[in-house]
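Presented below is the structure to which this report refers.
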């Protein structure tokens, strides 16, 4: 791009006077802008902007149906919804500082008084285009950073094999539930779920098949509890369930027995056929009127019960 060539911009001219629209368009095209559209009213302008965005909008202040300030407000609302910035230049026969201040207070980027001089028009459009370009780059960068941060957050709280919550997410949710239970009543149940003797099976069938077993087991575990219950993979063959009840009387300890039956009633279907599994569950139920426990203490109690279930031969549930 040479110094005499303006940057590529999409420009929309909005004026109910055909002669005025044509003069402005011809002036901008002589300067070097080749993407200039015309609208005879604000509603037509909004329709054109729906079809394709514009970098700069030049609009007359006084128009029937919807004036330039009302058009500005509509564009700003769209910009906010679409995370986009449109530079707006208002032109009018109105003179004086009060009119100019009103325009700027309504969100206009620049203001021109009729009759509009060609050089002044070109200069103002160039400046408005630069503003729009910089603003949109900032918005795009911000959106990209937010997306990247969200992706990193998802990675840090999601198990990559099963798509379940991971240990970190479990700890975060457990901490919230413990405090909520102490403050508002109710109770929670932390259950540790283990695939018995999974490591030898994993080695026998291979890594990929082992992952198929983990994924199939995770789906079965997710379906065995309520959608609001947290299901997590803690690593290896260890999983966890976190259940919350508003009233301790609502918690049926036989629920975990039904979960065990659902998990272990049949093998996990894989590409090599069904792989048999055995499951042990150790759980601890905590009520609001009991002494406050740390996450570590809750994990230890559930872990102790899990070891007791394993020691009993597996396919067992031990709850305290």
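In UniProt numbering, the protein residues as written are 1 to 320.
The beta carbon of each residue, even a glycine, is placed where N, CA and C say it ideally should be.
Quantities reported herein were computed from a predicted structural model and do not represent experimental measurements.
For residue i, count neighbouring C-beta atoms within 10 Å of its own C-beta (all shown protein chains included) and say buried if the count is 16 or more, exposed if not.
{"i": "residue 200", "result": "Per-residue confidence for residue 200 stands at a pLDDT of 48, beneath the threshold of 50, marking its modelled position as unreliable; the derived number appears in the next sentence. Its Cβ having fewer than 16 others within 10 Å, residue 200 is exposed."}
{"i": "residue 237", "result": "buried"}
{"i": "residue 161", "result": "exposed"}
{"i": "residue 12", "result": "buried"}
{"i": "residue 220", "result": "buried"}
{"i": "residue 280", "result": "buried"}
{"i": "residue 143", "result": "exposed"}
{"i": "residue 26", "result": "exposed"}
{"i": "residue 289", "result": "exposed"}
{"i": "residue 305", "result": "buried"}
{"i": "residue 2", "result": "Residue placement at residue 2 is poorly supported in this model, since its pLDDT is 41, which falls under 50; the coordinates are not used for a value here."}
{"i": "residue 105", "result": "exposed"}
{"i": "residue 117", "result": "exposed"}
{"i": "residue 79", "result": "buried"}
Opposite residue i in the DSSP bridges: which residues?
{"i": "residue 117", "result": "Residue 117 is not bridged to any residue."}
{"i": "residue 194", "result": "238 and 280"}
{"i": "residue 111", "result": "90"}
{"i": "residue 274", "result": "269"}
{"i": "residue 188", "result": "244 and 286"}
{"i": "residue 57", "result": "12 and 88"}
{"i": "residue 37", "result": "12"}
{"i": "residue 31", "result": "DSSP, once it has assigned bridges, lists no residue as partnering residue 31."}
{"i": "residue 317", "result": "281"}
{"i": "residue 181", "result": "None; residue 181 has no bridge partner."}
Check this for me: beta carbons of residue i and residue j, under 8 Å apart or not?
{"i": "residue 134", "j": "residue 111", "result": "no"}
{"i": "residue 282", "j": "residue 309", "result": "yes"}
{"i": "residue 69", "j": "residue 14", "result": "no"}
{"i": "residue 22", "j": "residue 61", "result": "no"}
{"i": "residue 164", "j": "residue 302", "result": "no"}
{"i": "residue 167", "j": "residue 234", "result": "yes"}
{"i": "residue 264", "j": "residue 186", "result": "no"}
{"i": "residue 275", "j": "residue 224", "result": "no"}
{"i": "residue 190", "j": "residue 242", "result": "yes"}
{"i": "residue 87", "j": "residue 131", "result": "yes"}
{"i": "residue 350", "j": "residue 74", "result": "Residue 350 lies beyond the residue range present for the chain, which begins at 1 and ends at 320; the question has no answer from this structure."}
{"i": "residue 45", "j": "residue 71", "result": "yes"}
{"i": "residue 181", "j": "residue 284", "result": "no"}
For the candidate residues the options, whose alpha-carbon lies nearest to that of residue i?
{"i": "residue 139", "options": "84, 93, 102 and 100", "result": "84"}
{"i": "residue 194", "options": "8, 313 and 6", "result": "313"}
{"i": "residue 28", "options": "49, 56, 108 and 42", "result": "56"}
{"i": "residue 54", "options": "35, 270 and 239", "result": "35"}
{"i": "residue 271", "options": "212, 287, 292 and 241", "result": "212"}
{"i": "residue 6", "options": "132, 222 and 31", "result": "31"}
{"i": "residue 43", "options": "37, 64 and 191", "result": "64"}
{"i": "residue 169", "options": "229, 132, 293 and 287", "result": "229"}
{"i": "residue 295", "options": "82, 78, 173 and 40", "result": "173"}
{"i": "residue 249", "options": "177, 261 and 188", "result": "188"}
{"i": "residue 33", "options": "255, 122, 183 and 51", "result": "122"}
{"i": "residue 171", "options": "10, 318, 315 and 297", "result": "297"}
{"i": "residue 115", "options": "209, 19 and 318", "result": "19"}
{"i": "residue 157", "options": "210, 231, 215 and 119", "result": "231"}
{"i": "residue 127", "options": "9, 261 and 257", "result": "9"}
{"i": "residue 363", "options": "277, 261 and 262", "result": "The structure shown does not extend to residue 363, since the chain is modelled only from 1 through 320, so no value can be given for it."}
{"i": "residue 125", "options": "137, 109 and 136", "result": "109"}
{"i": "residue 319", "options": "252, 262 and 266", "result": "252"}
For residue i, would you say it is in contact with chain C, using Cβ-to-Cβ distances shorter than 8 Å as the test?
{"i": "residue 226", "result": "Although the question refers to chain C, the structure presented lacks it and comprises just one protein chain."}
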